[in-house]
Structure formats: structure tokens, C-alpha cells
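In my numbering, the protein residues as written are 1000 to 1077.
Virtual Cβ for every residue (Gly too), placed ideally from N, Cα, C.
To start, the structure itself, in C-alpha cells.
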């Protein structure tokens, strides 16, 4: 199962119905907001990871946050 298939399964096949979709979107937005607000200093404290650079992780968090805020029609918050 791919990551996309896994997330689709979480959102489409829950015994809690649409509440699962709300949970997944809320969790994504909260984590993306947290990571997107990390300072350069905080990112420098992260352990080395051969798969990604911490600044890239923050970059993708900013992108996901912006897309979700547009989707949910949320005003951008710092």
C-alpha cells in the first residue's frame, strides 16, 4: 500500500465516517503549522537525516499549511 492509498483508506473507510476526514485534515494542519513556524536555530538542533534536510521539511510544511488554509478558507496566521 502506498502512502497515498494509506491516507485515502484512513479517510474513506473509518467506522467514524466523515469524522475521520476531519481528524486527518486537522492533524495535518496542526503539524504543518508547528513545523512551518520552527526557527532556523530550532532546525539546526535536529539530528542529521540522510533522507531530507530540516529546512526542506519546514518548506514542505509551509506548502501543505498554505494549501490546507486555502482549502479550508482559513486566514493565514503567522
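Residue i vs residue j beta-carbon contact at 9 Å
| i | j | result |
| --- | --- | --- |
| residue 1031 | residue 1061 | yes |
| residue 1039 | residue 1052 | no |
| residue 1064 | residue 1037 | no |
| residue 1073 | residue 1028 | yes |
| residue 1007 | residue 1013 | no |
Buried versus exposed, by CB contacts within 10 Å (16 or more), residue i
| i | result |
| --- | --- |
| residue 1034 | buried |
Entirely within the segment 1004–1068 and at least 4 residues each: give me those alpha helix (DSSP H) ranges in chain order.
Assignment of alpha helix (DSSP H) within the segment 1004–1068, counting only whole runs of 4 or more residues, yields 1017–1035 and 1039–1043 in chain order.
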